[in-house]
Every structure is written in C-alpha cells, then in structure tokens.
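Peer 1: Quick note, the sequences are listed as chains A and B, same order. All letters in the first sequence, in the order written, are residues 280 to 392 by my numbering. All letters in the second sequence, in the order written, are residues 444 to 551 by my numbering. Below you will find the structure I want to go over with you.
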Amino acid sequence: NAGVTQTPKFQVLKTGQSMTLQCAQDMNHEYMSWYRQDPGMGLRLIHYSVGAGITDQGEVPNGYNVSRSTTEDFPLRLLSAAPSQTSVYFCASSFTGDNYGYTFGSGTRLTVV
Amino acid sequence: LAKTTQPISMDSYEGQEVNITCSHNNIATNDYITWYQQFPSQGPRFIIQGYKTKVTNEVASLFIPADRKSSTLSLPRVSLSDTAVYYCLVGDWRALTFGSGTRLQVQP
C-alpha cells in the first residue's frame, strides 16, 4: 500500500497564481485533512473532510478551497497565491472516530514569490 | 478545544529513558490523548494514544493519571534516531491542534 501520497513535492508559484495540491490515500479512510506548517511551528488545520461530499473548515481556511468527490482524493486549491501561503503542506487521513491515529503524507513544500 | 502545554525542548543521552509530560487541564470527558513524532522534512507519525491509565506499544508507553489533566509519554532506552519533535494532542479527533511540541535531542 502506498499510504498517503502528495504531489507535487515542491512547487514555486508567483503571487496571484492558482494551483491544486493533490492528496490521495489507498487505505479506504473516511477522514482526510490538510495542515500547513510554517518554519519552527506546529501544524495548523486548513480544511478537513469526514467523507465524500462533506468538508469543513479548520483553523486557517482563508485562501484555500477543498472538495471531496471520492473517498480516495482530497485536493487543496489555492485560489490566488500570496507570499503568506509559503509553507509546507501536509495531508492526513484516518478512519473516523476517536481511537484512530492519522497517517500523514510526506508533504508539499510551497514557495510563493 | 483543550489546550496542551509541554516543554519546548529536552536533552537526553543514548540508552536513557525519556519522559515527556503534557498538561491538558481542560480535557473533555470524551477526549483521547494522542502523541505524534515528527522528523525534519517529514510528516508527523502516530506513536500512541490512550484514554486513561497506561497504554504500551512496541515504541512507547503512555501514562495517564486518574484526573486525566496530564499525560506522560515514556520512551525507553532512546537512541540517536529518536531525536525529533514530539506533539501531545487532545480534543475533537476531526480537528486536532498541533502545538509547538517538544524538541527532543538525543546525544551519543
């Protein structure tokens, strides 16, 4: 099993450009989420989904859109990139419920210039 | 959401037992306590989770007192490869908050 796969691993964008970060999991997990991690900081939750067709906002949702059309995929869209969105983005997935841990992807390092 | 407090950093030597304590005074009745490990340039990795008393797996032990207002992650006989940031999380499993974590440095 591949686990949680994030693409691309690295990306440089110009201010104002848009792009989609891809996240796919093959573990049949209902829950998926996106976090961002700025240098020397913990992870902050952007959006999450508890199943296909269901999404909700996390702590820092502004500037990002998500949709969940399948169980496997949870793409994150940056609508108009800003330098403040320079960060490492991690996707996570798990089964639903209190007693399951998240499985994280290896991250996408995004630089907005 | 329950807030957690843990030491910013800790130092240890190879072969020692390391205990990292996390304070979560406002933990809710149905909250679990979860610990993650993160190496540089990698996503966090789930280590252990518990609700009360003691939980042990092949990697670590988690001690939770009866009042559940704190928890202690115990790493037996650490090695250089245990150098990482360790996060203690409590709260809604759908929207867990990662604080700054505890940076553990293991010396030879």
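The C-beta atom is built at its ideal place from N, Cα and C for all residues, glycine as well.
Just the chain B side, please: which residues come within less than 9 Å of Y310(A) by C-beta, in chain order?
Peer 2: What Y310(A) touches in chain B, judged by beta-carbon distance under 9 Å, is W536 and R537, going in chain order.
Peer 1: By the criterion of Cβ-Cβ separation under 8 Å, what are the contact partners of G458(B) in chain A?
Peer 2: The contacting residues do not exist; G458(B) stays about 27 Å from chain A at best.
Peer 1: Of all the options K293(A), R315(A) and N307(A), which has the alpha carbon lying nearest to the alpha carbon of Y368(A)?
Peer 2: R315(A)
Peer 1: Using a beta-carbon distance cut-off of less than 9 Å, what residues from the stretch 367-383 of chain A approach chain B?
Peer 2: Residues of the stretch 367-383 of chain A whose Cβ lies closer than 9 Å to any Cβ of chain B, in chain order: V367, F369, C370, A371, S373, T375, G376, D377, N378, Y379, G380, Y381, T382 and F383.
Peer 1: How far does the beta strand (DSSP E) with H326(A) in it reach, from first residue to last?
Peer 2: L322 to G330
Peer 1: Please classify A509(B) as buried or exposed, where buried requires at least 16 neighbouring CB atoms within 10 angstroms.
Peer 2: That one is exposed.
Peer 1: Which whole runs of the beta strand (DSSP E) in the stretch 462-542 of chain B are 3 residues long or more, in chain order?
Peer 2: 476-481, 488-493, 496-499, 504-507, 513-518 and 527-533
Peer 1: When the Cα atoms are used, what is the spatial distance from W478(B) to D454(B)?
Peer 2: 18 Å
Peer 1: Measure from the alpha carbon of E552(B) to the alpha carbon of each residue in T540(B), T515(B) and V533(B), then state which is nearest.
Peer 2: Outside the shown range of chain B, which is 444 to 551, sits residue 552(B), and nothing can be said about it.
Peer 1: In the DSSP assignment, what residue or residues form a beta bridge with T349(A)?
Peer 2: Answer by DSSP bridge pairing: none, since T349(A) is not bridged.
Peer 1: In whole angstroms, what is the alpha-carbon distance linking I470(B) and N378(A)?
Peer 2: 16 Å
Peer 1: Using a Cβ-Cβ cut-off of 8 Å, state whether N500(B) counts as contacting chain A.
Peer 2: no
Peer 1: Is there contact here, the stretch 356-364 of chain A with the stretch 320-331 of chain A, by at least three beta-carbon pairs under 8 Å?
Peer 2: no
Peer 1: Give the straight-line distance between the Cα atoms of V549(B) and L518(B), rounded to the nearest whole angstrom.
Peer 2: 12 Å
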